[in-house]
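Remarks on the structure that follows.
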Ligand code: ADP
């Protein structure tokens, strides 16, 4: 699944919610609003890992949440511009539930549901109408295997997911995201709450997953971005200042602000 973003702008605390056509500078709708994304254009390719980097509060989470229209849930959040997912306009007459099924998300803090490991993974497929036990068993096993946690949990599937370690919980959440067979995996700082060993496991897993998925990851860890990502976008104050091959961005950034950030001079 490929994303093509053109001239995406986003405001919080606007007088309107949702997608707006023809947003003009100085538009009264946005008079007291805060513009969190400014004219963002980029291409996100499948079978690649795209990393979003930059200081806190610069729009990285906002953009990632725009890709599956999570921001629709925020009153006063308005977005203009175009986001095409393959040949479909995500702000067009696309069903939001089917968009969110195709574009899964994993958050910073692992958030397993307070239920068994099995039920966490079966939750999404059940919501989508799959009832047969044998089919659910297959999905649960495949999802946990794909998230590299099957061997650790196969003998305790009926136990609470809350009893797992933080790193295991995060891989469980990745398995849960995979259980509805998405095309895209969005990850918002998925390892920032984890120890180095769990982080390494998730990084290996993400590298494996990119063979089958489009992956977008927000990270504050520059080493992580260089270790796993193919493309990097550097954000500053709502703008994508530089976007390109990770190797180029980290060895020869074109923009001074990007260079200052990745060499640790600010942020
Ligand atoms: P980052 O992921 O780069 O840390 P965010 O996308 O979370 O940045 O935030 C970008 C800006 O938008 C910040 O100034 C933040 O305070 C603001 N913001 C984020 N969410 C909301 C919201 N729901 N309402 C108002 N402002 C928000």
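In my numbering, the protein residues as written are -1 to 265.
Don't be surprised by glycine CBs; every beta carbon is placed ideally from N, CA and C.
Exercise for the section: Measuring alpha carbon to alpha carbon, tell me which of 140, 184, 74 ends up nearest residue 42. Expected result: Taking the first residue of the chain shown as position 1, residue 42 is located at position 44. Per the Cα distances, 184.
Problem - 4-residue-minimum alpha helix (DSSP H) runs that sit fully inside the stretch 8 to 70, ordered along the chain - result: 58 to 65
Exercise for the section: Measure the Cβ-Cβ separation of residue 254 and residue 242 and say whether it is below 8 Å. Expected result: Working through the chain shown from its first residue, we reach residue 254 at position 256. Working through the chain shown from its first residue, we reach residue 242 at position 244. No, the Cβ-Cβ distance between residue 254 and residue 242 is not below 8 Å.
Handout entry: Check: residue 55 C-beta below 7 Å from any heavy atom of the ligand ADP
Key = Here residue 55 corresponds to residue number 57 of the chain shown, with the count starting at 1. Flag set: Cβ of residue 55 near the ligand ADP.
Practice task
Verify the contact flag: residue 48, CB atom, against every heavy atom of the ligand ADP, threshold strictly below 7 Å.
Solution key: Start at 1 with the first residue of the chain shown, and residue 48 comes out as number 50. Checking every heavy atom of the ligand ADP against the Cβ of residue 48, none is found closer than 7 Å.
Handout entry: Selection from 172, 6, 165 that minimises the alpha carbon distance to residue 196
Key = Reading the chain shown from its first residue, position 198 is the one you call residue 196. Checked all of 172, 6, 165; the closest Cα to residue 196 is 165.
Exercise for the section: State whether the stretch 102 to 119 contacts the stretch 28 to 35, with contact taken as three or more CB pairs (one from each stretch) at a distance under 8 Å. Expected result: no
Handout entry: Straight-line Cα distance separating residue 88 from residue 247
Key = On the chain shown, position 249 is the one that residue 247 refers to. On the chain shown, position 90 is the one that residue 88 refers to. Whole-angstrom Cα-Cα distance: 29 Å.
Exercise for the section: Could you check what DSSP says for residue 198 in three-state terms: helix, strand or coil? Expected result: As a working mapping, residue 198 is identified with position 200 in the chain shown. Residue state, collapsed to three classes: helix.
Practice task
Would you check if the distance between the CB atom of residue 231 and the CB atom of residue 105 is smaller than 8 Å?
Solution key: Indexing the chain shown from 1 puts residue 231 at position 233. Indexing the chain shown from 1 puts residue 105 at position 107. Taking 8 Å as the Cβ cut-off, residue 231 and residue 105 do not qualify as a contacting pair.
Handout entry: Cβ neighbours of residue 156 in the same chain (closer than 8 Å, five flanking residues each side left out)
Key = Residue 156 sits at position 158 when you count from the first residue of the chain shown. Same-chain partners within the cutoff: 114, 115, 116.
Practice task
Pick helix, strand or coil for residue -1, following the three-state DSSP scheme.
Solution key: In the chain shown, the residue the question calls residue -1 occupies position 1. Three-state result, residue -1: coil.
Exercise for the section: Take residue 240 and list the residues in its own chain whose beta-carbon comes closer than 7 Å to its own, dropping the five residues that flank it on each side. Expected result: As a first step, residue 240 must be located in the chain shown, where it is residue number 242. Contacts found: 232, 247, 251, 252, 253, 256.
Exercise for the section: Please list the segments of the alpha helix (DSSP H) lying wholly inside the stretch 74 to 140, counting only runs of 4 or more residues, in order along the chain. Expected result: 94 to 100, 115 to 125
Practice task
Answer with buried or exposed for residue 249, where buried requires no fewer than 16 other C-beta atoms within 10 angstroms of its C-beta.
Solution key: Along the chain shown, read from residue 1 onward, the residue named residue 249 stands at position 251. Per the 10 Å Cβ criterion, exposed.
Practice task
Give a yes or no on contact between the stretch 138 to 149 and the stretch 82 to 97, applying the rule of three or more CB pairs nearer than 8 Å.
Solution key: no
Practice task
Give me whichever residues DSSP pairs with residue 231 in a beta bridge.
Solution key: Taking the first residue of the chain shown as 1, we reach residue 231 at position 233. Per DSSP, 50, 241.
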